[in-house]
Amino acid sequence: EYPAIASPARTQAILNRYRLSAKKSLGQNFLVDLNVLSNIVEAAEITGDDDVIEIGPGIGGLTEQLAKVAHRVLGFEIDQNLLPVLQETLAPYSNIKIINQDILKANLPQVVKTELTGKHPLKVVANLPYYITTPIVMNLLAGDLAFDAIVVMMQKEVAERLTAVPGTKAYGSLSVIVQERNNVEISFIVPRTAFIPQPKVDSAIIKLTPKLAKEVVPFDEKRFAGFVRGCFMHQRKTLWNNLLGFFGKTDAAKETITKVLADVQIDPGDRSEQLTIDQFVNLANAFHDNGI
Ligand code: SAM
């Protein structure tokens, strides 16, 4: 029996033996705190019935802890140099499959169909590469796959934007688009000392679960996201000015914007960061109903 892959001594031994140095450009920071790992597995409430997608297995520290409890683990690792390492470190586990692919280019529904049965709850658990946190999360949420939960580590500052409430500085289009469809919570904060090498920022574990019952639903999710981004385009401008920028400065647009804002009872002088998620949905739907 080897000690856990993520124990500091074993991780260092693996890095030495393969002469690996963590690639900054790929966001390689390996977790070497077993408490943090077990907290992640616990936050994701992994059971023997769950299939798990992991993004960036690295040298397999988190993968190992997932494989011990999950039904199957599917790991997407972009770095070819890590494949022989993973083959060795994860050899004791028969329920892991590593795929050498860029997660942003992977056809997830297709891979899931060929590698998993579709009969198990699907969860995403990862210590994300920080340079592409937002595109990864947006891709997962925009895709066709239904996840039971997404539990991922990211830099604390992005986690704060994802969980931000109206009226705060961190509240923006990312908060609105993600929270419209998901419950989002920070499970816990992880200090930089939990990694080799240490990142320059502290991290947080975010847990996303789909909202089941919703009061209001956007007419079209993709257009809703575009609309919200338009509303936050110029942070220091009023909602009115951002809407004009989004819809165009024609007289017809001005007239519709005036009417819609009156209908949904939102002050044109408000700023986007004051609006609740439901207000954004009502607003987007009202514009749709008015033909723009
Ligand atoms: N899971 C390991 C851990 O917790 O110790 C490593 C996490 S490290 C923060 C991020 C991992 O993602 C690295 O192994 C890196 O090579 C991988 N990675 C970076 N960009 C990727 C991409 N576009 N697709 C898949 N994996 C990627």
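Numbered by the UniProt record's numbering, the letters in the sequence shown go through residues 3 to 294 in order. Idealized CB from N, CA, C, for every residue including glycine.
Whole-Å CB distance - residue i paired with residue j, under 8 Å assumed
| i | j | result |
| --- | --- | --- |
| Ala45 | Lys209 | 6 Å |
| Pro137 | Leu106 | 6 Å |
| Val192 | Ser205 | 4 Å |
| Ala196 | Asp35 | 4 Å |
| Ala288 | Asp265 | 6 Å |
| Ile294 | Thr258 | 5 Å |
| Ile207 | Ile42 | 6 Å |
| Pro111 | Leu76 | No, Pro111 and Leu76 are not in contact; Cβ-Cβ is about 13 Å, not under 8 Å. |
Residue i versus the options, residue with shortest Cα-Cα distance
| i | options | result |
| --- | --- | --- |
| Ala8 | Asn109, Leu64, Val180 | Leu64 |
| Pro201 | Gly29, Lys125, Ala15, Lys171 | Gly29 |
| Val126 | Ile55, Ala172, Ile268, Leu147 | Ile55 |
| Arg74 | Thr135, Ile98, Pro59, Val153 | Ile98 |
| Ser96 | Ser40, Ala108, Ala69 | Ala69 |
| Lys121 | Asp52, Asp265, Asp269, His290 | Asp52 |
| Lys239 | Ala215, Ser274, Leu214 | Ser274 |
| Ala215 | Ile101, Asn185, Phe78, Lys115 | Asn185 |
| Pro168 | Ala151, Gln276, Leu246 | Gln276 |
| Asn83 | Pro59, Leu76, Ala93, Pro94 | Pro59 |
| Pro49 | Asp150, Asn102, Val283, Asn141 | Per the sequence shown, residue 49 should be read as Thr rather than Pro. Looking at the Cα atoms, Asp150 is the closest of the given residues. |
| Asn37 | Gln14, Ile57, Pro10, Ser27 | Pro10 |
| Leu39 | Phe229, Val153, Ala227, Val283 | Val153 |
| Ile101 | Arg194, Phe234, Pro131, Ile57 | Ile57 |
| Ser27 | Leu33, Pro131, Gln14 | Pro131 |
| Ala227 | Gln14, Ala166, Val283, Glu3 | Val283 |
Residue i versus residue j: straight-line alpha-carbon distance, rounded
| i | j | result |
| --- | --- | --- |
| Gln67 | Val218 | 39 Å |
| Ile279 | Tyr133 | 27 Å |
| Lys224 | Arg183 | 12 Å |
| Pro212 | Pro123 | 13 Å |
| Gly232 | Asp253 | 19 Å |
| Lys25 | Ala255 | 50 Å |
| Gln181 | Pro220 | 13 Å |
| Leu143 | Glu159 | 20 Å |
| Thr170 | Leu164 | 12 Å |
| Val113 | Pro5 | 32 Å |
| Val262 | Gln281 | 12 Å |
| Ala128 | Pro270 | 41 Å |
| Ala93 | Pro199 | 25 Å |
| Val203 | Leu241 | 33 Å |
| Gln237 | Met155 | 27 Å |
| Ile61 | Lys115 | 26 Å |
| Phe78 | Ala172 | 30 Å |
| Asn31 | Phe190 | 18 Å |
| Phe229 | Asp104 | 29 Å |
| Thr91 | Ile80 | 17 Å |
| Phe234 | His290 | 19 Å |
| Asn109 | Asn141 | 11 Å |
| Gly247 | Arg12 | 55 Å |
| Lys251 | Asn292 | 17 Å |
| Gly145 | Val139 | 10 Å |
| Arg194 | Asp222 | 40 Å |
Endpoints, the alpha helix (DSSP H) within which residue i is located
| i | result |
| --- | --- |
| Val87 | 85-91 |
| Ser274 | Where Ser274 is concerned, there is no enclosing alpha helix (DSSP H), given that its DSSP letter is neither H nor E. |
| Gln181 | 175-183 |
| Ala11 | 10-19 |
| Gln67 | 63-71 |
| Val153 | No alpha helix (DSSP H) holds Val153; the beta strand (DSSP E) holding it covers 151-157. |
| Lys261 | 253-265 |
| Val283 | 279-291 |
| Ser40 | 36-45 |
| Asn243 | 241-249 |
| Ala172 | It is not in any alpha helix (DSSP H) - Ala172 carries neither H nor E in the DSSP assignment. |
| Phe229 | 223-233 |
Residue range of the beta strand (DSSP E) that includes residue i
| i | result |
| --- | --- |
| Asn129 | 124-129 |
| Met140 | Segment 135-144 is the alpha helix (DSSP H) holding Met140; no beta strand (DSSP E) there. |
| Ile57 | 53-57 |
| Pro193 | Where Pro193 is concerned, there is no enclosing beta strand (DSSP E), given that its DSSP letter is neither H nor E. |
| Arg74 | 74-78 |
| Thr116 | Run containing Thr116: none in the beta strand (DSSP E); it sits in the alpha helix (DSSP H), 110-117. |
| Ile208 | 205-212 |
| Lys99 | 98-101 |
beta-carbon residue i near ligand 2 non-hydrogen atom, thresh 7 Å
| i | result |
| --- | --- |
| Glu182 | What this structure holds is ligand 1, not ligand 2. |
8 Å Cβ cutoff, residue i in contact with chain B
| i | result |
| --- | --- |
| Ala128 | In the structure shown, chain B cannot be found, because there is only a single protein chain. |
Task: Any 3 or more C-beta pairs closer than 8 Å across the region 69-88 and the region 18-29 - done: With contact defined as three or more Cβ pairs closer than 8 Å, the region 69-88 and the region 18-29 are in contact.
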